[in-house]
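S.K.: Got a structure for you, written out below as C-alpha cells; questions coming shortly.
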Amino acid sequence: MTTRQARARAALVYGGALLMLVWSAGPFVWQISTSFQLDRALTGPTPSFIPHPFTWAHYTSAFFHRHLQFYLRNSLIVAVFTTLFCLFFGTLAAFALSRLKIRGRFGLLMVILSVSMFPQIAIVGPLYLIASAFNLLDTYRGLIIVYLALGLPLVTWVLFGYFETLPREMDEAGRVDGVSTLGLLWRIILPISLPALVTTGLLAFIAAWNEFLFALAFTSNFQHQTVPVGIANFTDIYYVPWGDISAASTVVTLPLIILVLFFQRHIIQGLTMGGLKE
Amino acid sequence: MPGVQYPASTDADRRHRVAVSRPSRALPRGPMLGGSARLALVAWLLLLPALIALAAVSLYPIANGIWLSLTNTSLITNEDAFVGIKNYIALANDGQFWNAWDHTLLFTVASTLLETVIGLLMAVLLYERFVGRAILRAIMLVPWAMPTVVTSKMFGWLFDGQHGVINYLLVKCGLLSANVDWLGSAQTALGTIVLADVWKTAPFMALLLLAGLQTISPSLTDAARIDGANAWSTFWHVRLPLLWPTLLIAGLFRALDAFRIFDLVYVLTGGGPADSTETLSTLSYKVLFSTLQFGYGSAMTMATFATEGVIALGFCFFIIRQLRANR
Chain L
1003 MTTRQARARA ALVYGGALLM LVWSAGPFVW QISTSFQLDR ALTGPTPSFI PHPFTWAHYT
1063 SAFFHRHLQF YLRNSLIVAV FTTLFCLFFG TLAAFALSRL KIRGRFGLLM VILSVSMFPQ
1123 IAIVGPLYLI ASAFNLLDTY RGLIIVYLAL GLPLVTWVLF GYFETLPREM DEAGRVDGVS
1183 TLGLLWRIIL PISLPALVTT GLLAFIAAWN EFLFALAFTS NFQHQTVPVG IANFTDIYYV
1243 PWGDISAAST VVTLPLIILV LFFQRHIIQG LTMGGLKE
Chain Z
3 MPGVQYPAST DADRRHRVAV SRPSRALPRG PMLGGSARLA LVAWLLLLPA LIALAAVSLY
63 PIANGIWLSL TNTSLITNED AFVGIKNYIA LANDGQFWNA WDHTLLFTVA STLLETVIGL
123 LMAVLLYERF VGRAILRAIM LVPWAMPTVV TSKMFGWLFD GQHGVINYLL VKCGLLSANV
183 DWLGSAQTAL GTIVLADVWK TAPFMALLLL AGLQTISPSL TDAARIDGAN AWSTFWHVRL
243 PLLWPTLLIA GLFRALDAFR IFDLVYVLTG GGPADSTETL STLSYKVLFS TLQFGYGSAM
303 TMATFATEGV IALGFCFFII RQLRANR
C-alpha cells in the first residue's frame, strides 16, 4: 500500500469511527446535558450543550414530585426476582437439554425459541384476564411471572450454548467419582459457568427493567408501576417537562450503561451465541 | 475456559465405587447411574418448570386468544357469547386495521433494511484495526441497553418541533428554512419513528454481523487479494456471500422484533397524527384496553400473530435454501 492509500484509509476509518461515536453516544449525552439545564434555557432560542446555569432542580422534581423513587423500587424488585427465577429455572432446563437424554431436544429448543418470537400483543389480552381472575393485577408477582416466561427462552438458549462448550469428559469423570445427576450440575458445571450466569442474568435483568407493554397493562398506580411506565407518564397539562424527563432518563439508564460497559465482552459473546447459533 | 482435572481412576476404583453407590437413594437426592428411565424422568422434571411457565404464559394465552376472537367478549357489557367468524369479517372491512397493517409492514421493511445496511457498514468498519476500537464497540451497546421508553422520550426531545436540537442544527446549516414538527405532522412522523428504531438497534445488528465476519477465514480474503481483487470486490464476492446466512438469521430476528413495535409509537405519537403512525400493536392495545372489546381485539391480535408467522416462514424458506446452497 502506498502512503497516500494508507492515509486515505486512515481518514476513512477514523472518520467513520467518529461518526459512529457521535451517533451512538451523542443523543444520550445530549439528554444528560438537558437534565442539568433550567427550563428557560431549554426553551431559549439557542440550545447550548454546556448547562449554564447548572441546576439539580429536575432531579429533585423527578424524585419529589413525580415519585421516581417508587418506580425505581418497583422496577428493582421486579427485575431482581425475575433475574433470579430466570437463572434458576433456565439453568435447570439448559442443563437437562445439554446433558441429559431428552428425546426430541432439538424440537424442544426450536419451540422455546419460537415462543420468544410471539408478538406480545397477542398474549397480553388473555393474560390480563387470567391475572385479573387470580388477583395478580397491581402486584409484583403478576409482572414477575410474566417476565420470567418472557426471559426464559433467551436465558435457556444462552446457557444451553455455554454448557455445550464444556467438555463431556468432565461429566464422565464426575460420574466415575459417583456424583449424582444434580451433583454434576451443582458441583461441576455451575462453578465454571459463573461468567455465563452473570451474562445471562444481566440480559434477563435488562429485559425486565426495560419492559413496557405488560407493565402498562397490569399496573395502574405508582405503588406498583415500573420505571418505563412512570417515565412515559411524565407529562404536564400545558407543556412537556423535558428537563424532568431527562433527569429521570439519566437516573434509570446510567446504572444499566455502567453494568453493560463493565461486562461488555461477556454480553457480546452471550448474545451472539444465543442469537446466531447455527 | 478453566478445565477441571480429575485424577485418573483405575478400574478397581471404578468397580468399588459402583458397588458402593448401587443402593440408589430416593429420587429428590438424584438417582445414580444405570436406570435410564429414571434419568429421563429427572431430565423432564428439570425441564418442567420452564415448560410450564412457557405454556402458561405463551401457549395457553394464544389458544385462549383464538377462542376469544370467536366471541363477542367485552368487559363493559360483560358478554362472552360465541359468534363464529363475525369478528374476522368485521376486521376484513375495518379501514383502521388495514391502515395499521400497512404501517406495521412498511415500518418492518424500512427499519429492518436500514438496520441491516447501517449495521453492515458499522461491522465492516469495526472489523478494521484502529485505536479505540474496543471502546467504540462498548459504547455501541448504549442504545441497545437503554429502555425503549427512554429512547422514545429522547427522540421526542431531539425532534421536538419548537425547541428540538435537530431542527436548530438543520436550520443553522441551511438544510431547512423553518422548523419542522417532525412528530406532529403526518408526512414525517413515521419516518422519525423508523429513525429512532434504527438508532436503537443498528449497533446491535453491527455486533452480530461483526461476529459473523470474524468467523470467515482470513485465508479466503487473502487468496482473493493475491488473485488481484481489490478491497471492494473482495468484500462483494468473498465476504458478503459467506455472510449471507448470518444476515438472513439476524434479519429474521430483527424483522420479527420490528413487527411487534409498540413502545416507540405508544410513547412518541400514540398512533397519531391522524393515525399516520398507528401500528397493529398500538391499535390492538387501544381496542383491548381502551374500548375493552376483548373479542374483537383478540381477532386483531390473532391476525397480527398470523402475519408474523408468515414473515417467519418466509425467512425460514430463504435461510434453509441458503444453507442448502452453501453445502
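Chain order of the listed sequences is L and Z.
Residues in the first sequence are numbered from 1003 upward in steps of one, following this note's numbering.
Residues in the second sequence are numbered from 3 upward in steps of one, following this note's numbering.
Glycine included, each C-beta is placed from N, C-alpha and C at the ideal position.
(1) First and last residue of the alpha helix (DSSP H) that includes L177 (chain Z)?
(2) For N66 (chain Z) and chain L, any beta-carbon pair shorter than 8 Å?
(3) Any chance you could list the alpha helix (DSSP H) runs of at least 4 consecutive residues sitting entirely within the stretch 232 to 311 of chain Z, in chain order?
(4) Closest to M156 (chain Z) by CA distance: which of L:S1251, L:E1166, L:V1231 is it?
(5) When the Cα atoms are used, what is the spatial distance from L171 (chain Z) to Q1039 (chain L)?
(6) State the beta-bridge partners of F1038 (chain L) as determined by DSSP.
(7) When the Cα of I195 (chain Z) is compared with those of Z:D265, Z:A39, Z:A301, Z:A233, which residue comes out closest?
(8) For chain Z, is any of its Cβ atoms less than 8 Å away from the one on Y1142 (chain L)?
(9) Quick one: using the 10 Å Cβ neighbour count with 16 as the cut-off for buried, is P1047 (chain L) buried or exposed?
(10) For N1076 (chain L), does the count of other Cβ atoms within 10 angstroms reach 16, so buried, or fall short, so exposed?
(11) Assuming R256 (chain Z) contacts P1121 (chain L) (C-beta within less than 8 Å), just tell me the rounded distance between them.
(12) If we ignore side chains and look at the alpha-carbon of each, how far apart do S11 (chain Z) and I1191 (chain L) end up?
(13) Below 8 Å between beta carbons: does that hold for V200 (chain Z) and E117 (chain Z)?
(14) Keeping to the same chain, check which residues put their C-beta closer than 8 Å to that of A92 (chain Z); ignore five residues upstream and five downstream.
(15) Are there 16 or more other CB atoms within 10 angstroms of the CB of H239 (chain Z), so buried, or fewer, so exposed?
(16) Where does A57 (chain Z) sit, in a helix, a strand or coil, going by DSSP?
(17) Assuming A2 (chain Z) and L210 (chain Z) form a contact by the criterion Cβ under 8 Å, report the distance between their Cβ atoms to the nearest whole angstrom.
(18) What does G1109 (chain L) touch in chain Z if you count any residue whose Cβ is under 8 Å from its own?
(19) Checking contacts by CB at 8 Å: is Y1016 (chain L) closer than that to chain Z?
(20) What is the DSSP secondary structure of A14 (chain Z), reduced to helix, strand or coil?
(21) A1059 (chain L) touches chain Z at which residues, Cβ-Cβ below 8 Å?
(22) Considering only residues of the same chain and omitting the five flanking positions on each side of D1 (chain Z), which have a CB-CB separation below 6 Å?
(23) Restricting to Cα atoms, I'd like to know which of Z:G274, Z:S221, Z:Y268, Z:A314 is closest to I1233 (chain L).
(24) If we define contact as Cβ-Cβ less than 8 Å, is F1091 (chain L) a contact residue for chain Z?
(25) Please report the straight-line C-alpha distance between S292 (chain Z) and F1066 (chain L), rounded to a whole angstrom.
(26) Considering only DSSP beta bridges, list what T73 (chain Z) is partnered with.
(27) Do you know how far the Cα of L53 (chain Z) is from the Cα of A1175 (chain L)?
(28) How big is the Cα-Cα spacing for K174 (chain Z) and W1159 (chain L)?
M.R.: So, from the data block:
(1) Translated into positions along the second sequence, residue 177 (chain Z) becomes position 175. Note, L177 (chain Z): premise wrong, no alpha helix (DSSP H); not H, not E.
(2) If you number the second sequence from 1, residue 66 (chain Z) lands on position 64. Under the 8 Å criterion on CB atoms, N66 (chain Z) is classed as interfacial with respect to chain L.
(3) Correct list: 233 to 236, 242 to 261, 265 to 270, 282 to 291.
(4) Translated into the one-based positions of the second sequence, residue 156 (chain Z) becomes position 154. If we check each option's Cα against that of M156 (chain Z), L:S1251 comes out closest.
(5) For this step, residue 171 (chain Z) is matched to residue 169 along the second sequence. For this step, residue 1039 (chain L) is matched to residue 37 along the first sequence. Taking the straight line from one Cα to the other gives about 19 Å.
(6) To locate residue 1038 (chain L), count along the first sequence from 1; it is residue 36. Partner residues in a beta bridge of F1038 (chain L), as assigned by DSSP, do not exist.
(7) Here residue 195 (chain Z) refers to the residue found at position 193 of the second sequence. Distances from the alpha-carbon of I195 (chain Z) to those of Z:D265, Z:A39, Z:A301, Z:A233 put Z:D265 closest.
(8) The sequence position of residue 1142 (chain L) within the first sequence is 140, counting from 1. Not an interface residue.
(9) Your numbering for residue 1047 (chain L) matches position 45 in the first sequence. P1047 (chain L) comes out exposed.
(10) One-based indexing of the first sequence puts residue 1076 (chain L) at position 74. Flag for N1076 (chain L) reads buried.
(11) Looking up residue 256 (chain Z) in the second sequence gives position 254. Looking up residue 1121 (chain L) in the first sequence gives position 119. Not really, about 14 Å apart at Cβ, beyond 8 Å.
(12) Against the second sequence, residue 11 (chain Z) aligns to sequence position 9. Against the first sequence, residue 1191 (chain L) aligns to sequence position 189. Reliability of the predicted coordinates at S11 (chain Z) is poor, the pLDDT of 41 falling under 50, and no value is obtained from them.
(13) Taking the first residue of the second sequence as position 1, residue 200 (chain Z) is located at position 198. Taking the first residue of the second sequence as position 1, residue 117 (chain Z) is located at position 115. Taking 8 Å as the cut-off, the beta carbon of V200 (chain Z) is found closer than this to the beta carbon of E117 (chain Z).
(14) Locating residue 92 (chain Z) in the second sequence gives position 90, counting from the first residue. Here the set comprises Y298, A301.
(15) Along the second sequence, read from residue 1 onward, the residue named residue 239 (chain Z) stands at position 237. Classification of H239 (chain Z): exposed, given that the 10 Å Cβ count is below 16.
(16) Walking along the second sequence from the start, residue 57 (chain Z) turns up at place 55. Reduced to three states, the DSSP call for A57 (chain Z) is helix.
(17) This structure cannot settle anything about residue 2 (chain Z), because the visible part of chain Z is limited to 3 through 329.
(18) Here the question's residue 1109 (chain L) lines up with position 107 in the first sequence. Simply none; closest approach about 12 Å.
(19) Indexing the first sequence from 1 puts residue 1016 (chain L) at position 14. Yes, contact with chain Z.
(20) Working through the second sequence from its first residue, we reach residue 14 (chain Z) at position 12. In this prediction, A14 (chain Z) scores a pLDDT of 42, lower than 50, which makes its location untrustworthy; the coordinate-derived value is nonetheless stated afterwards. Of the three classes helix, strand and coil, the one that applies to A14 (chain Z) here is helix, per DSSP.
(21) Against the first sequence, residue 1059 (chain L) aligns to sequence position 57. Simply none; closest approach about 17 Å.
(22) Outside the displayed span of chain Z (3 to 329) sits residue 1 (chain Z), for which this structure offers no information.
(23) Working through the first sequence from its first residue, we reach residue 1233 (chain L) at position 231. Out of Z:G274, Z:S221, Z:Y268, Z:A314, Z:Y268 has the C-alpha closest to the C-alpha of I1233 (chain L).
(24) The sequence position of residue 1091 (chain L) within the first sequence is 89, counting from 1. So yes, F1091 (chain L) belongs to the interface.
(25) Position 290 of the second sequence, counting from 1, holds the residue named residue 292 (chain Z). Position 64 of the first sequence, counting from 1, holds the residue named residue 1066 (chain L). About 30 Å.
(26) Here residue 73 (chain Z) refers to the residue found at position 71 of the second sequence. For T73 (chain Z), which the question treats as bridged, DSSP gives the partners Z:F84.
(27) In the first sequence, residue 1175 (chain L) corresponds to position 173, counting from 1. In the second sequence, residue 53 (chain Z) corresponds to position 51, counting from 1. Distance between the alpha carbons of A1175 (chain L) and L53 (chain Z) is about 30 Å.
(28) The residue given as residue 174 (chain Z) occupies position 172 in the second sequence. The residue given as residue 1159 (chain L) occupies position 157 in the first sequence. About 49 Å.
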